[in-house]
Amino acid sequence: MKILVLNSGSSSVKYKLIDLEGREAKTMAEGGVEKIGLPGGFLKYKLADGGKATDELGLIDHLQAIKAILAKLTDAEHGCISSFDEIDAVGHRVVHGGEKFSESVLIDDAVKAKIRECYDIAPLHNPANMTGIDAITELMPEVPQVAVFDTAFHQTMPAKAYMYALPYKYYTEDGVRRYGFHGTSHRYVSNRVCEFLGVDPAKQRIITCHIGNGASMAAIVGGKCVDTSMGLTPVEGLMMGTRVGDVDPGALTFLMTKHGLTAEQLQTIINKESGVLGVSGVSNDMREIEAAIAEGNERARLALDMYMLRITKYIGAYAAEMGGVDIIVFTGGVGENQAGLRADVCSTLGFMGVEIDKEVNAVTRGTETVISSPASRVKVCVIPTDEELTIARDTAALVK
């Protein structure tokens, strides 16, 4: 079964065509269109030999972007299928499902309406996700589509974990609560680490650390999420590349009053100008932060120290919440590749019985690896995430 996985953002569409045979999966094609709606739009894609290529597209919209993707998939020179008829289904990443969706679903008119009902709590994401769904509906109306929600995995959280201490009416009337994000990644790596270690997920207390430019963590007991760091929006929780993470709301109202900021201006500050970039003044890229630290940049050092402290605090909090921890998983671009960050975070967790193998950790980059020592009471692993494979599997299961 061939599944086209689409991740439609406000100015981009990422894609992957996956051929599923039982539990086996083969990536047939992958790439993405960027700068949608802006001058200089382009399609980048992976070649059969592993190289990369780029096609200039000019000024385009989401419909034209997906047309370009489908044309590339059937292209005589670089394509991998002869016609659209070979695509059995399309799986879409949808960021926010609110309380309406606790699992992936086949898309119909009722599902589309519910996704639109979440626009007010995900104005930057759900409308963009819907553009991909609408484009496929127009271009391939007979092909079944599935929505896989970032928030769905976290719907098992108890009320004490997802409620905010605001007047209760804002929950009942406006749906203001913690929803969490990166759920597809947290679900994948928490399941995969148990397969990798050969343990029963039902008996494990797991902390998953999805650490990248966007970052979140989850506490998972018996395969179910009991808490997560992101909230109503992806801004809450860990310090991120450009997002502020946890901050005193009073500090935000203070700044709005003092500087006459509008809500839109504040949204830009907390989403795009804060985090590692905002503190360091250098970059939101950890490689550039580490290079700046090597040159003696104190603000870069401060940014990294703050970044790691937030991760450590959440690990400690979730361990306390679960009554202990059996497995800690690092994933995401930073979690999978930044050995120094993993070492520094774990160095403070000795009181929990965490001990990493420094030599193994130092050489681990983006591969499934146990980086804890045999003496460690907690297994610490690196598990590369695969959200597209999870979306493809969900899509295939629902279509079948």
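Numbering-wise (this note's numbering), the sequence shown opens with residue 53 and increments by one.
Ideal Cβ placement from N, Cα and C applies to all residues, glycine included.
Predicted model, so just to flag it, every value in this text is computed and none were measured.
Under the three-state reduction of DSSP, which class applies to residue i: helix, strand or coil?
i    : result
N59  : strand
H114 : helix
C398 : helix
T260 : strand
R229 : coil
K78  : strand
V198 : strand
V85  : strand
A254 : helix
V434 : strand
L90  : coil
V415 : helix
A141 : strand
F136 : helix
M269 : strand
C246 : helix
D378 : coil
S281 : coil
I159 : coil
K152 : coil
I537 : As displayed, the chain neither begins before 53 nor continues past 452, which places residue 537 out of reach and without an answer.
A180 : helix
I70  : strand
V241 : helix
A174 : coil
E108 : strand
Which one of the options has the shortest CA to CA distance from residue i?
i    : options                : result
A81  : A100, E350, G89, G93   : A100
S64  : I112, K78, G103        : I112
A209 : H311, T280, T309, R257 : Before going further, note that residue 209 is Met rather than Ala in the sequence given. Answer by Cα proximity: T280.
Q116 : E73, T106, Y97, E86    : E86
S135 : L290, L122, Y231, F94  : L122
R229 : G83, V430, P286        : P286
A267 : E288, D252, P253       : E288
T364 : G375, V397, D378       : V397
A414 : V430, K324, V434       : V434
I188 : G405, Y214, S60, N243  : S60
A213 : G232, E225, I341       : G232
T421 : D409, E225, R429       : D409
D438 : T419, I341, G327       : T419
K452 : G93, V142, E129, A120  : V142
G83  : G89, L218, D71, L58    : L58
Y67  : L56, E373, E73         : L56
D186 : A449, I167, D137       : I167
H234 : P219, G264, L218, Y216 : G264
A180 : L191, S154, R145       : R145
With a threshold of 7 Å (Cβ to nearest heavy atom), would residue i be considered close to the ligand GDP?
i    : result
R295 : In the structure on display, the ligand GDP does not appear, and there are no ligands present to speak of.
How big is the Cα-Cα spacing for residue i and residue j?
i    : j    : result
D202 : V334 : 30 Å
V147 : G250 : 31 Å
G392 : G110 : 41 Å
A395 : F382 : 11 Å
G348 : Q390 : 19 Å
R257 : S399 : 20 Å
K221 : I272 : 29 Å
V245 : L441 : 15 Å
Y359 : K78  : 36 Å
I322 : P301 : 11 Å
V377 : I259 : 7 Å
E73  : K255 : 30 Å
C261 : E247 : 18 Å
E151 : A174 : 13 Å
Any idea if residue i is buried or exposed, counting beta-carbon neighbours within 10 angstroms, 16 or more meaning buried?
i    : result
F403 : exposed
F306 : exposed
T236 : buried
Y240 : buried
D172 : exposed
T309 : exposed
A211 : exposed
A165 : exposed
R445 : buried
D252 : exposed
P436 : buried
L125 : buried
T183 : buried
L354 : exposed
T447 : buried
T106 : exposed
R339 : exposed
G102 : exposed
L90  : exposed
Exercise. Is the number of C-beta pairs between the region 319–338 and the region 365–374 that are closer than 8 Å three or more?
Worked result: no
Exercise. How do the region 293–301 and the region 269–276 stand: do at least 3 beta-carbon pairs fall below 8 Å, yes or no?
Worked result: no
Exercise. Three or more C-beta pairs closer than 8 Å, one from the region 150–160 and one from the region 186–200: is that the case here?
Worked result: yes
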